[in-house]
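Asks: Okay, here's the structure, questions in a sec.
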DNA sequence: GGAGGACTGGACGATTTCGTCCAGTTTGTG
DNA sequence: CACAAACTGGACGAAATCGTCCAGTCCTCC
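Protein chains in written order, with the numbering used here: chain C, 28 to 246; chain B, 28 to 246.
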């Protein structure tokens, strides 16, 4: 995603040009997270980004194309921030660490209590089927990262062999999304934490044999 | 909500007038659920509703006021459809019935896989603080109905005395919301069912004594 | 049967937003 | 240096949308 390689009809792009382009997308992504997609004006992007309108239309044919790139950036950022952690998941403790970093991340960053992907999905899923499918793919990828971790837990015997990592991952992400929505609406981060706790308990309920766990957790 | 009683400055409203007014709100609510609030035009409302624009502005000073009424109608409908069921909740079985009716309701009604309240919350929470607070109040009321049921389960001994109905309700509603979002985005109702199953399992984990349950569930 | 609310129907102005256009300047690199 | 890409800056047209206005008709209840 960072270097998007030899795309179609990219008429030679300088490092500087690529940087500007990236900055435009980042600015749009930020505004769209705070205000919504429809409520974000191209003139706003131009102003905040401190460029002239011609530049915006130099890099993007229209607003649609910009939105598409915003989605791509959100996917990229999700992978960058989630993959390192989720790839480490091999036990419930790892999963709890993941949850903790999400909760503290929610509190600390100055952004609204929103999921950058979920907010886009909510607004765009009914506007263009292309966007909807892209967002569905992002969710699928996120679930895939989580499901891989759960699979490792299952293969190592921590999870019950009958547990379905894919289904568990879907449920966990759903809790995550709902937690974001309630937290944002009520301006309170507790719903987010409660939702994630529920999700982890749901996973924990599939832990193979709690007693067996005690045998090697006597640290 | 249906009869909104003696509101401020309601200059005598005929039955017919009230009906038209209600029809406008219902039409707007429907369009806004399908397309989003910002994407719904007043001209669209006028067209679908088959009234003239003057009528719309006869009943509502501006779009904001209409949105406010849409929120009120959504709350009313939520209470009408949820309260009867949730007031009956006294056991896990009742809760499962509630879940089942939500799942089948999702499939059967022709609407998108969206929560009418959650979709509004997602779009409006960052636009006006008034709307955000109204929606927060709706969520709170919904959670209250559910929490009341969980309280009855706790008082009757089905739930552990240490269980917190309020927190449980928040988590369940969060799962519900996330389930809606994933279902809509992926155009698949399974995430919704998975999320609700997780939520009910979370409640069930607080059931006091599973063994005692067997004594009177031999039907 | 009369008063007042319900309603038509479309013209209209104001504003916002998208997207175009272009003449000219700056920057960077072969 | 020369060329190409990066960039300015604002004027501009087109379209959509909000909201106003009004002359006149229809309905309904007292």
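We put the beta carbon where it would ideally sit given N, CA and C, even for glycine.
Measuring only the C-alpha atoms, how far is residue 47(C) from residue 80(C)?
Replies: Taking the straight line from one Cα to the other gives about 13 Å.
Asks: Taking the C-alpha atoms as reference points, what is the distance between residue 123(B) and residue 130(B)?
Replies: Taking the straight line from one Cα to the other gives about 10 Å.
Asks: If you scan the stretch 174 to 232 of chain C from start to end, which runs of the alpha helix (DSSP H) of 4 or more residues do you find wholly inside it?
Replies: Fully enclosed alpha helix (DSSP H) runs of 4 or longer: 192 to 213 and 217 to 231.
Asks: For residue 234(B), does the three-state DSSP call read helix, strand or coil?
Replies: Residue state, collapsed to three classes: strand.
Asks: With DSSP as the reference, label residue 138(C) as helix, strand or coil.
Replies: Coil.
Asks: By the three-class DSSP mapping on this structure, what secondary structure does residue 87(B) have?
Replies: Correct three-state label for residue 87(B): coil.
Asks: Cβ closer than 7 Å: which chain B residues qualify as neighbours of residue 152(C)?
Replies: Ordered by position in chain B, the residues that pass the 7 Å Cβ test against residue 152(C) are 211 and 212.
Asks: By DSSP, does residue 115(B) sit in helix, in strand, or in coil?
Replies: Here residue 115(B) sits in coil by DSSP.
Asks: Residue 75(C) and residue 60(C): beta carbons closer than 8 Å?
Replies: No, Cβ-Cβ distance for residue 75(C) and residue 60(C) is not below 8 Å.
Asks: Quick check on residue 39(B): does DSSP put it in helix, strand or coil?
Replies: Coil.
Asks: For the alpha helix (DSSP H) containing residue 76(B), list its first residue and its last residue.
Replies: First-last of the alpha helix (DSSP H) with residue 76(B): 69 to 76.
Asks: In this structure, does DSSP put residue 158(C) in helix, strand or coil?
Replies: Residue 158(C) falls in the helix class under three-state DSSP.
Asks: At the level of alpha carbons, what is the spacing between residue 197(C) and residue 89(B)?
Replies: So the alpha carbons of these two residues sit roughly 41 Å apart.
Asks: Whose Cβ in chain C lies nearer than 9 Å to the Cβ of residue 75(B)?
Replies: Simply none; closest approach about 16 Å.
Asks: Given a cut-off of 8 Å on the beta-carbon distance, is the pair residue 184(B) and residue 235(B) in contact?
Replies: Against a cut-off of 8 Å, the Cβ pair of residue 235(B) and residue 184(B) comes out as a contact.
Asks: Applying the 10 Å Cβ sphere with the 16-neighbour rule, what's the burial state of residue 39(B)?
Replies: It counts as exposed.
Asks: For a contact defined as C-beta to C-beta under 8 Å, what are the partners of residue 63(B) on chain C?
Replies: Those within 8 Å of residue 63(B) in chain C are 65, 150, 153 and 154.
Asks: Compute the Euclidean distance between the alpha carbons of residue 201(B) and residue 42(C), then round it to the nearest angstrom.
Replies: Taking the straight line joining both Cα atoms gives about 44 Å.
Asks: Could you name the residues of the same chain whose beta carbon sits closer than 8 Å to that of residue 179(C), not counting the 5 residues immediately before and after it, in chain order?
Replies: 116 and 117.
Asks: For residue 108(B) and residue 52(B), what's the separation of their Cα atoms in angstroms?
Replies: Distance between the alpha carbons of residue 108(B) and residue 52(B): 18 Å.
Asks: Do the CB positions of residue 162(C) and residue 148(C) come within less than 8 Å of each other?
Replies: In this structure, residue 148(C) lies closer than 8 Å to residue 162(C) by Cβ.
Asks: Going by other Cβ atoms of all chains shown within 10 Å of its Cβ, with 16 needed for buried, is residue 206(B) buried or exposed?
Replies: When all chains shown are included, residue 206(B) counts as buried.
Asks: Should the stretch 92 to 110 of chain B be called in touch with the stretch 165 to 176 of chain B, which here means at least 3 C-beta pairs below 8 Å?
Replies: Enough Cβ pairs lie closer than 8 Å, so yes.
Asks: Going by Cα to Cα distance, which pick from 114(C), 54(C) and 165(C) is closest to residue 177(C)?
Replies: Checking every option, the nearest Cα to that of residue 177(C) belongs to 114(C).
Asks: Taking 8 Å as the limit between beta carbons, can you name the residues of its chain near residue 140(B), skipping five residues before and five after?
Replies: Cβ neighbours of residue 140(B) beyond the five flanking positions: 133, 207, 210, 211, 214, 216 and 219.
Asks: Taking 8 Å as the CB-CB cut-off, is residue 27(C) touching chain B?
Replies: The question about residue 27(C) has no answer here: the residues shown for chain C are numbered 28 through 246.
Asks: Determine whether the beta carbon atoms of residue 193(C) and residue 174(C) lie at a separation below 8 Å.
Replies: Taking 8 Å as the Cβ cut-off, residue 193(C) and residue 174(C) qualify as a contacting pair.
Asks: Could you compute how far the alpha carbon of residue 70(B) sits from the alpha carbon of residue 84(C)?
Replies: So the two alpha carbons sit approximately 30 Å from each other.
Asks: Only counting the same chain, and skipping five residues up and downstream in sequence, which positions put a Cβ closer than 7 Å to that of residue 86(C)?
Replies: For residue 86(C), where only same-chain residues beyond five positions count, the Cβ hits under 7 Å are 48 and 51.
Asks: Mapping the DSSP letters down to three states, classify residue 81(C) as helix, strand or coil.
Replies: Note: residue 81(C) maps to helix in three-state DSSP.
Asks: DSSP state of residue 53(B), grouped into three classes?
Replies: Correct three-state label for residue 53(B): helix.
Asks: Counting C-beta neighbours from all protein chains within 10 Å, is the total for residue 137(C) 16 or more, i.e. buried, or is it exposed?
Replies: Flag for residue 137(C) reads exposed.
Asks: Under three-state DSSP, which class holds residue 108(C)?
Replies: Correct three-state label for residue 108(C): helix.
Asks: How is the alpha helix (DSSP H) around residue 63(B) delimited, first residue to last?
Replies: Premise fails: residue 63(B) is in no alpha helix (DSSP H) and is neither H nor E.
Asks: Find the residues of chain B that neighbour residue 138(C), judging by a C-beta separation of less than 9 Å, and give them in chain order.
Replies: None at all; the shortest Cβ gap to chain B is about 11 Å.
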